[in-house]
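See below for the structure under consideration.
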Amino acid sequence: MTLETETDRLRDRLENLRLRSRALTALRGFFETRGYVEVETPQRVRSPGMELHLRAVEASGWWLNTSPEYQMKRLVAGGLERIYQVCHAFRDDERGPHHVTEFTLCEWYRVGASITDLMEETEQLVSHVARSVLGRTTVTGPDGCELDLAPAQGWERITVREAARRYAGVELDGTETGPVLAQRARQAGLCIPADAVDWDEVFSRILVDAVEPRLGRTHPTILHRYPARQAALARLCSDDPRFAERFEVYASGLELANAFGELTDAVEQRRRLEEEQAARRDLALDDHPVDQRFLAALAQGMPPTSGIALGIDRLVMILCGAPRIDDVLTFTPEEL
Amino acid sequence: MSNASDLKKGFKFLKDGVPHQVVEFLFVKPGKGQGLYKCKLRHMLSGSQFEITYRSGETFEDCDVTERKMQYLYAEDDQLCFMDNETYEQTYVDAESLGDDRLLLSDNLEVDVLLWDENPIGVTLPNFVELQITECEPGVKGDTATGATKLATLSTGATVNVPLFVEEEEWIKIDTRTGSYVERVKK
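If you read the protein sequences in the order shown, they are chains A and B.
Numbering follows my numbering, with no gaps: position 59 of the first sequence is 246.
Numbering follows my numbering, with no gaps: position 113 of the second sequence is 169.
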């Protein structure tokens with residue numbers, strides 16, 4: 188086997204890596220001026236995320252974090268009101284042009300912020316980073332389209348329900364069953380396999396095949412108000428409990444960030460985690476303990492908080508116009 | 057058997073008993089939801105392409121499809137004879153399966169032959185071939201701007217539209233993907 192030289196391996200990446208470094212500096216500057224404290228939480232934990240579709244990487248009997256959220260919320264409960272962290276997270280089996288098993292995210296929490304406050308802050312952060320790094324806010328995105336990261340009218344905001352209606356022609360609120368949703372999607376002309384009966388799978392297919400490709404092409408789009416079943420760690424909307432306070436940011440066809448109005452009700456959070464734990468057992472997935480210290484922190488009284496995780500690799504892809512996540516990494520797993 | 061995490065550009069598998077190849081691939085995972093694999097597949101017998109989305113956990117039947125560099129030797133009835141450049145083994149392919157490409161084959165042309173369980177299922181020509189014109193109207197000098205064309209017959213029997221200034225006996229370059237004239241070549 189002939190190994191390529193490091194010069195060859197990095198030739199097309201050097202500029203992207205330099206830009207990445209400047210982007211991180213700008214990002215830290217943004218949080219510093221807003222009074223955020225940078226924190227570091229352990230990467231190896233006793234209990235990783237409980238979400239059904241996340242596979243954690245085992246590490247000597249414990250697990251590598253799929254997200255630092257439990258520990259960060261404990262810090263919030265303990266009195267740190269504005270925190271952010273730039274760290275690696277690990278999700279096994281996730282690899283593709285936009286995914287890598289070990290990736291970098293920036294996660295931040297702000298006590299007293301509403302989900303709308305967080306939408307604004309995310310918008311300001313992204314345009315601040317673009318201005319600092321590029322001196323402009325228009326880029327040619329990874330999809331080859333011109334993208335304005337700071338449009339005069341602000342980022343587009345659309346609810347999940349409205350997006351499904353407009354782009355897929357499907358009516359949904361999360362209270363329908365999987366087979367009913369599958370039927371509606373087929374009637375709308377989407378290709379849903381006969382054996383797809385699980386609501387979450389059908390929802391994902393609608394999103395992936397009909398909605399996501401239409402989001403964030405010329406300017407970022409905020410997709411918000413997710414069906415409650417899609418937001419296990421989020422507060423329910425006060426005006427309509429079928430939906431939850433969650434939003435995602437899409438830009439250049441990439442899912443860039445995911446935010447929650449954090450659920451602070453320990454009893455409800457325990458119920459949801461135990462439900463997911465049971466579902467994991469039914470499906471013979473890795474069994475994770477419910478994080479009791481996280482629940483205890485909520486029980487102690489966590490102030491109303493919103494939190495968000497933003498994919499750093501993808502942000503850099505957008506700033507560089509890089510089509511593949513590989514283009515902005517120092518090493519891909521295949522290169523180790 | 058392979059599973060969804062093996063999917064990538066170029067991956068080949070049996071679907072409904074027929075080899076298919078992934079020509080475009082994107083792993084997607086909206087939110088923390090179900091992981092899905094958006095693929096564009098090519099039906100390796102018909103060449104037709106279509107989109108399909110697989111979920112993680114699905115399995116795929118492996119298929120033994122390989123591509124080999126071969127040289128076109130000769131035609132015998134409705135069979136075309138090719139020789140493997142490495143093993144010198146000869147393989148016969150149904151002329152009909154090549155469609156219009158059949159008329160762009162010249163002796164000793166190097167092509168890619170697709171084998172499924174050692175049986176030839178397809179022949180891919182190089183993107184460009186050079187062929188001689190055996191018959192066409194006399195050339196009209198100077199007329200390069202109007203874009204007018206005339207029909208020319210090539211040594212292989214194929215007919216192709218060429219610009220008016222091209223002469224009989226001249227060699228021309230053909231794009232095999234479109235079957236159209238590209239330029240004159242000096243021989």
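Virtual Cβ for every residue (Gly too), placed ideally from N, Cα, C.
The residue from A:Gly-508, A:Arg-416, A:Leu-485 with its alpha-carbon nearest to that of A:Glu-256 is A:Leu-485. DSSP places B:Trp-227 in the uninterrupted beta strand (DSSP E) bounded by 227-231. Across the set A:Leu-423, A:Gly-222, A:Arg-200, A:Asn-252, the C-alpha of A:Asn-252 shows the shortest separation from the C-alpha of A:Pro-235.
Apart from sequence neighbours up to five positions away, the residues of its chain that approach B:Lys-242 with a beta-carbon distance below 8 angstroms are Trp-227, ordered along the chain.
A:His-275 carries a strand assignment under DSSP once its states are collapsed to helix, strand and coil. Look at A:Trp-386 here: in three-state DSSP terms it is helix. Pairing A:Val-398 with B:Thr-115, the inter-Cα distance amounts to about 26 angstroms. Beta-bridge partners assigned by DSSP to B:Met-126: B:Asp-140, B:Val-167. Any Cβ of chain A closer than 8 angstroms to the Cβ of B:Lys-94 would place that residue at the interface, and such an atom is present. Note on geometry: alpha-carbon atoms of B:Glu-174 and A:Phe-434 lie some 53 angstroms from one another. At least one CB of chain B lies nearer than 8 angstroms to the CB of A:Asn-445. By the neighbour-count criterion, in which 16 or more other beta carbons inside 10 Å mark a residue as buried, A:Phe-390 falls on the buried side.
Rounded to the nearest angstrom, the gap between the Cα atoms of A:Gly-365 and A:Val-384 is 5 angstroms. The beta carbon of A:Arg-416 is closer than 6 angstroms to those of Gly-361 in its chain, skipping five residues each way along the sequence.
Close partners of A:Val-477 in chain B (Cβ separation under 9 angstroms) are lacking, with about 17 angstroms as the shortest Cβ gap. Sequence-distant partners of B:Pro-176 (beyond 5 residues in either direction) whose C-beta falls short of 6 angstroms from its own C-beta, in its chain, are Thr-147, Val-149, Val-169. Contact between A:Leu-214 and A:Val-316 holds, since their C-beta atoms are separated by about 6 angstroms, short of 8 angstroms. In the DSSP secondary-structure assignment, B:Gln-135 is bridged to B:Glu-132, B:Asp-150.
The residues Arg-124, Lys-125, Met-126, Gln-127, Glu-166, in chain order, have a CB closer than 8 angstroms to that of B:Asn-141 in the same chain once the five nearest residues on each side in sequence are set aside. Pairing B:Phe-83 with B:Asp-62, the inter-Cα distance amounts to about 11 angstroms. In this structure, the CA atom of A:Pro-329 is about 39 angstroms from the CA atom of A:Asp-469. Separation of the CB atoms of B:Val-218 and B:Ala-204 is rounded to 10 angstroms, and the pair is thereby denied contact status at 8 angstroms. Proximity of B:Pro-86 to chain A, defined by a Cβ-Cβ separation below 8 angstroms, is satisfied. Taking 8 angstroms as the cut-off, the beta carbon of A:Val-503 is found closer than this to the beta carbon of A:Asn-203. Per DSSP, the unbroken alpha helix (DSSP H) holding A:Ile-302 starts and ends at 302-321. An exposed status is given to B:Met-57, since fewer than 16 other beta-carbon atoms sit within 10 Å of its beta-carbon. In its chain, beyond the 5 residues on either side, Val-78, Phe-81, Ile-108 have a beta carbon closer than 6 angstroms to the beta carbon of B:Cys-95. Among the residues facing chain A, B:Gln-90 is included, as its CB has a counterpart in that chain under 8 angstroms away. Residue environment for B:Ala-131: exposed (fewer than 16 other C-beta atoms within 10 angstroms of its C-beta). Under the DSSP assignment, B:Ile-108 falls in the beta strand (DSSP E) whose first and last residues are 105-111. Taking 8 angstroms as the upper bound on Cβ-Cβ separation, chain B lies near residues Asp-387, Glu-388, Phe-390, Ser-391, Arg-392, Leu-394, Val-395, Asp-396, Glu-399 of the segment 386-406 of chain A. With a cutoff of 8 angstroms on beta-carbon distance, A:Ile-302 and A:Arg-344 are scored as not near each other. For the options B:Lys-68, B:Glu-191, B:Ala-60, B:Lys-64, the alpha carbon positioned closest to that of B:Leu-171 is the one of B:Lys-68.
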